[in-house]
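In our numbering, the protein residues as written are 748 to 914.
Here it is as structure tokens:
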């Protein structure tokens with residue numbers, strides 16, 4: 748009978764690499780509120796001006812423009828709630844994908860069977876990244892910009908190499 752050290756078990760499950768990936772939004776919440784207030788004031792003022800001059804359909808279109816602008820930004824911020832949590836330990840590679848609605852799908856891989864595939868374009872850089880093993884695969888970081896994809900690819904590849912080295 749062999750004796751197992753509890754500290755060794757804890758070390759094999761401790762993440763060597765952990766990253767939370769989320770899309771970049773150039774306009775923050777405060778900027779969104781300022782922009783929406785300015786556009787609302789603009790649409791309201793010009794709607795009133797056109798309605799008072801008798802061109803009421805144009806006033807309605809200004810209101811519709813504001814509603815459509817708000818709807819477009821609402822959808823954009825909703826899609827910005829997508830995120831991925833990637834962890835690598837000696838025993839497991841886990842990719843947890845969260846949809847904008849909050850639904851989570853988890854993909855688990857054995858690090859010794861895992862392959863990290865990076866597709867590059869000569870001018871753009873990294874265009875796609877996939878984690879694959881013998882039974883399934885998933886894309887990772889598809890919403891990242893090219894610079895973030897490049898830095899994630901380097902760090903993730905380094906983490907996989909670290910955990911698959913012989914002890």
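Backbone N, C-alpha and C fix where the C-beta goes; we use that ideal spot for every residue, glycine too.
(1) Taking residue 862 as the reference, which of 853, 770, 886, 805 has the closest Cα?
(2) Whole angstroms are fine: how far does the CA of residue 802 sit from the CA of residue 876?
(3) Leaving out five residues before and five after residue 763 in sequence, what residues of the same chain have Cβ atoms less than 8 Å from its Cβ?
(4) Would you tell me roughly how many angstroms separate the C-alpha atoms of residue 898 and residue 808, rounded to the nearest one?
(5) Does DSSP put residue 897 in a helix, in a strand, or in coil?
(6) Taking Cβ positions, are residue 810 and residue 794 nearer each other than 8 Å?
(7) Would you tell me roughly how many angstroms separate the C-alpha atoms of residue 856 and residue 833, rounded to the nearest one?
(8) Are the beta-carbon atoms of residue 900 and residue 865 separated by less than 8 Å?
(9) Classify residue 783 as helix, strand or coil using the three-state DSSP reduction.
(10) Measuring CB to CB, does residue 797 end up less than 8 Å from residue 787?
(11) With DSSP as the reference, label residue 838 as helix, strand or coil.
(12) Pull up the DSSP beta-bridge partners for residue 885, would you.
(13) DSSP three-state call for residue 808: helix, strand or coil?
(14) According to the Cβ coordinates, are residue 829 and residue 813 closer than 8 Å?
Per the coordinate set shown:
(1) 886
(2) 54 Å
(3) 835, 836, 837, 906, 909, 910
(4) 45 Å
(5) helix
(6) yes
(7) 11 Å
(8) yes
(9) helix
(10) no
(11) coil
(12) 878
(13) helix
(14) no
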